[in-house]
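Worksheet: the structure to be examined is printed underneath.
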Amino acid sequence: RRSFTAKLIVVNIVKKMADSKQDEKCITAIRCLSIDMIQKANSGHPGMPLGMAPVAHVLFSRIMKFASSNSNWPNRDRFVLSNGHGCALLYTMLHLCGFNISMADLKDFRQLGSITPGHPEAHETDGVEVSTGPLGQGIANGVGMAIAQAHSASRFNKPDHQILNHKVFVFCGDGCLQEGVASEAASLAGHLRLKDLILIYDDNRITIDGSTDMSFSEDVPARFRAYGWNTLEIADGNDVSRVETVIRSALDADRPTIISLKTIIGFGSPKADTAGAHGSPLGVENVRITKKAFNTNPDAHFDVPNDVRQYYEEASKRGTELEQNWQKQFADYKKAFPTEAAEFRRIFIDRSLPKNWKDCLPKYSVDSPSVATRVTSGEVLNALAKVIPELIGGSADLSPSNKTELKCSHDFQWNSPDGRYLRYGVREFGMAAIGNGLSAYGLIPFAATFLNFITYSWGAVRLGALSQARQIYIMTHDSICLGEDGPTHQPIEVLPLCRATPNLVAIRPADCNETVGAYIIALERSNGPTVLCLSRQNLPNLKASTPEAVAKGAYVVQQTVEDKPDLVLIASGSEVGLACDAAAELGQSSINVRVVSCPSHDLFLEQSTDYRRSVLPIGVPVISIEISSTFGWSGFAHHHIGMRSFGASAPAKDLLKKFGFTINDVVTRSKQFLQDSQSLASELKLHSSLGVLECQYDSI
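-19 is the number of the first residue of the sequence shown in my numbering; add one for each residue after it.
Set out below in structure tokens:
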């Protein structure tokens, strides 16, 4: 018996030695492949991949469940690289694990048109869940995914059918934890007890400027314990056995977990433990020295030993088997719960909206009560929430003002994860970034605050647009008409900012019907965010408005007589009603005025040249009216009635008088402009370039 026990001990020791050698070979291959990519591109960040290679190896080969043959498998573990500058490591892992990233793609790192860009882009690269790079946002994305997982599991899982039981893993660095968005998201995650979220912190104590001793001396685990997180620490990031043990212990936590992993940036290189390893290639000779330190051929480039490839092929096969077993489980689930299975497939596999979802939309007419578009928005949102169960979101502590509370559901909290209303607190940036995570998971998020405060969120709004992430931003109090709160709350430059952002559609509806149309656009746009800009004050319903007209971006709502107009007044939102009233008075002076409602510059510019010219005829003077900066209107109008300063604190009616947004102001300026246009006819050329008007002078 003693002899058998001794032999067993020897066998185990030999196996551990073999495993250790295999781990070492894999980790070395990961490190060398990563620095080869960066050196060939002569651009990139080698320090993080060299330091984090061991934990990446453990996570992808032993712990995470994924299927490279079906990277959209709904029950896969999610992986987010918040410190996205280290993406050479991620691309290496995805390549080794069989995702659609070839060796040629690795060699094309950071080159024009490659699928291995300088920071991860979800819509470009197989296996990349979210776009990261601006630090800290990946943490918030991970929180969004964990919320989505908890909510969806509570809705679809059954006692004997756990079809969603995955984890969300996030890598982050010192820079991520210094960004405010990380604090916002981590605080909310602790409050919500998101137990399936695991954050692995690359604690290398180096940033671009140098040692974090200069700027970042807080006790990170203590900070996260205060948030309500489970905190774990690993003293040596190269201790593979310890890394695996600690990560596995986090899998059963009852709250989110942060693992503080002590690493050495640029491990093994001459630049190790210095800022020089962070954001520049090591250099040809330093790459050789580093490879020698890892006891591998310094002259071999993009080399992956066969046994390393086989090791990861086995890991990939295990993932494929897990996915295939899940498909069988889902087939059983479908038999037992056909309605839920069909809904699950629609949301997470087909990613389509329910059939006939538009039938729920409320109807409005010119005789409907005049209400603020934020009020109409609340009515439309609640109607949609009843028939689109994946619609989930909340407000940054402005629910009564934003009118976003869902009557058909309740709050999402740790003990009610089936709820669909999120209490974000005063965390605008975190809210938008969490929403991007919800969107990446497959839900349809909405986020609400005042329009002026979307600028608090802007980093996430922009990244969502780049990522093609559908999110509905419900932005109320859209002008100086919010009144007494004053210029700190009144948006002036915000609409031009939204309109200037690629792949983002801003819509400022003028009445109830246009608000309905705005929601239709927002839901049907599956490849980018939509900003709804909504009034605080009541607005009249227009006779000619329809939900369908919003899709055109701009359309004619009123004209004095049918002949070619003498003047076009083009406006958005609350100023469309003002334009209609001014046009009626101008008509008393025999001026034929066309009024155009322009809820969306973005959508109008997508229309054909013929349509745009039919709305804004060549040779007809155009005046824009909007209680916002006039920036951006020069593409449509020759003269602008808008804001050229910040607002003021006063009742709305007094502000409208002060800043020139009364019927009399519009009539007076319109007549003056027409007079000036006639007297300066020789200098004024009214013409069109693809339907966009240009003027030879700047009309004040």
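Where a beta carbon is used, it is the ideal one built from N, C-alpha and C, also for glycine.
Taking contact to mean at least 3 C-beta pairs separated by less than 8 Å, is the stretch 619 to 633 in contact with the stretch 600 to 609?
Counting Cβ pairs under 8 Å, three or more are found: they touch.
Going along the chain, which residues of its own chain have a beta-carbon closer than 8 Å to the beta-carbon of SER195, five neighbours each way excluded?
For the purposes of this step, residue 195 is taken as residue 215 along the sequence shown, with counting starting at 1. The answer, listed in chain order, is GLN158, THR187, ASP189.
Does the stretch 165 to 177 come close enough to the stretch 419 to 429 that 3 or more CB-CB pairs lie under 8 Å?
With the cut-off at 8 Å, the stretch 419 to 429 and the stretch 165 to 177 do not touch.
Closest residue to PRO369 among ALA257, PRO425, HIS258 (Cα-Cα distance):
Locating residue 369 in the sequence shown gives position 389, where the first residue counts as 1. It is PRO425 whose Cα lies nearest to the Cα of PRO369.
So is HIS390 buried or exposed if we call it buried at 16+ other beta carbons inside 10 Å?
One-based indexing of the sequence shown puts residue 390 at position 410. Exposed, by the Cβ-count rule.
On the criterion of 16 or more Cβ atoms from any shown chain inside 10 Å, does VAL406 qualify as buried, or is it exposed?
For this step, residue 406 is matched to residue 426 along the sequence shown. VAL406 should be labelled exposed.
Determine the extent of the beta strand (DSSP E) in which HIS103 is found, giving its start and end residues.
By one-based count along the sequence shown, residue 103 stands at place 123. It is not in any beta strand (DSSP E) - HIS103 carries neither H nor E in the DSSP assignment.
So what does DSSP say about VAL595, is it helix, strand or coil?
The sequence position of residue 595 within the sequence shown is 615, counting from 1. Of the three classes helix, strand and coil, the one that applies to VAL595 here is helix, per DSSP.
One question on the structure: do SER41 and ALA295 come within less than 8 Å of each other, judged by their Cβ atoms?
Looking up residue 41 in the sequence shown gives position 61. Looking up residue 295 in the sequence shown gives position 315. Yes; because the gap between Cβ atoms is below 8 Å, this pair is in contact.
Rounded C-alpha distance that separates VAL573 from ALA562
Residue 573 sits at position 593 when you count from the first residue of the sequence shown. Residue 562 sits at position 582 when you count from the first residue of the sequence shown. Whole-angstrom Cα-Cα distance: 9 Å.
Which full runs of the beta strand (DSSP E) of 3+ residues lie inside the stretch 110 to 161, going along the chain?
Taken in chain order, the complete beta strand (DSSP E) segments of 3 residues or longer contained in the stretch 110 to 161 are 148 to 153.
Given a threshold of 16 other Cβ atoms within 10 Å of its Cβ, counted over all protein chains shown, does GLY599 qualify as buried or as exposed?
What you label residue 599 is simply residue 619 of the sequence shown in a count that begins at 1. Its Cβ having fewer than 16 others within 10 Å, GLY599 is exposed.
Among residues of its own chain, excluding the 5 on either side of PHE247, which ones have a beta-carbon nearer than 6 Å to its beta-carbon?
Within the sequence shown, numbered from 1, the residue matching residue 247 stands at position 267. The answer, listed in chain order, is LEU30, GLY31.
Let me know the secondary structure DSSP gives GLY683 once reduced to three states.
No answer is possible for residue 683: it lies beyond the span of the chain, which begins at -19 and ends at 680.
Contact defined as beta carbons within less than 8 Å: I believe ILE269 pairs with PRO250. What is the distance between those atoms, to the nearest angstrom?
In the sequence shown, the residue the question calls residue 269 occupies position 289. In the sequence shown, the residue the question calls residue 250 occupies position 270. For a cut-off of 8 Å, the C-beta gap from ILE269 to PRO250 is around 6 Å, short enough to register as a contact.
Could you check the C-alpha separation between LYS532 and ARG325 for me, to the nearest Å?
Here the question's residue 532 lines up with position 552 in the sequence shown. Here the question's residue 325 lines up with position 345 in the sequence shown. Going by the C-alpha atoms only, they are around 32 Å apart.
Check whether the Cβ of SER49 sits closer than 7 Å to any heavy atom of the ligand NAP, and report yes or no.
Inclusion of the ligand NAP in the displayed structure is not the case, the ligand content being empty and no account of it being possible.
So what does DSSP say about CYS461, is it helix, strand or coil?
Numbered from its first residue, the sequence shown carries residue 461 at position 481. Three-state result, CYS461: helix.
At the level of alpha carbons, what is the spacing between ASN184 and SER167?
For the purposes of this step, residue 184 is taken as the residue at position 204 of the sequence shown. For the purposes of this step, residue 167 is taken as the residue at position 187 of the sequence shown. Roughly 23 Å between the two C-alpha positions.
Flag this pair as yes or no: are the beta carbons of LEU498 and ILE487 separated by less than 8 Å?
Position 518 of the sequence shown, counted from the first residue, corresponds to residue 498. Position 507 of the sequence shown, counted from the first residue, corresponds to residue 487. In the sequence as presented, Leu is not what sits at residue 498; that position holds Ala. Yes.
Beta strand (DSSP E) segments (min. 3 residues) lying fully within the stretch 416 to 469
DSSP runs (the beta strand (DSSP E)) wholly in the stretch 416 to 469: 424 to 430, 452 to 456.
Between the Cα of PHE317 and the Cα atoms of ALA502, LYS308, PHE136, which residue gives the shortest distance?
Translated into positions along the sequence shown, residue 317 becomes position 337. It is PHE136.
Buried or exposed: where does ARG56 fall if 16 or more other Cβ atoms within 10 Å of its Cβ makes it buried?
Here residue 56 corresponds to residue number 76 of the sequence shown, with the count starting at 1. With 16 or more other Cβ atoms within 10 Å, it is buried.
Helix, strand or coil at ILE680 [DSSP, three-state]:
Sequence index remark: in the sequence shown, residue 680 carries index 700 (1-based). Only weak support exists for where ILE680 lies, its pLDDT of 25 falling under 50; the coordinates are left without a value.
Residues that DSSP places opposite LEU241 in a beta bridge
Within the sequence shown, numbered from 1, the residue matching residue 241 stands at position 261. Answer is ASP182, ILE214, bridged to LEU241.
Please look up how many angstroms separate the CB atoms of PRO467 and GLY627, rounded, as I've assumed it's under 8 Å.
Residue numbering aside, residue 467 sits at position 487 when the sequence shown is read from its first letter. Residue numbering aside, residue 627 sits at position 647 when the sequence shown is read from its first letter. Contact between PRO467 and GLY627 holds: their C-beta atoms lie close to 4 Å from each other, under 8 Å.
Near PRO277, which residues of its chain fall below 8 Å by C-beta distance, leaving aside the five closest residues on each side in sequence?
As a working mapping, residue 277 is identified with position 297 in the sequence shown. The sequence shown places Asn at residue 277, not Pro. Listed in chain order, the non-local C-beta contacts of ASN277 below 8 Å within the same chain comprise LYS271, ASP283, local neighbours out to five positions each way being set aside.
Nearest CA to the CA of GLY153: which residue from GLU164, HIS146, LEU179?
Here residue 153 corresponds to residue number 173 of the sequence shown, with the count starting at 1. Of GLU164, HIS146, LEU179, the smallest CA-CA separation from GLY153 is found for LEU179.
Quick one: using the 10 Å Cβ neighbour count with 16 as the cut-off for buried, is GLU265 buried or exposed?
Within the sequence shown, the letter at position 285 stands for residue 265. Around the CB of GLU265, fewer than 16 other CB atoms lie within 10 Å, so the residue is classed as exposed.
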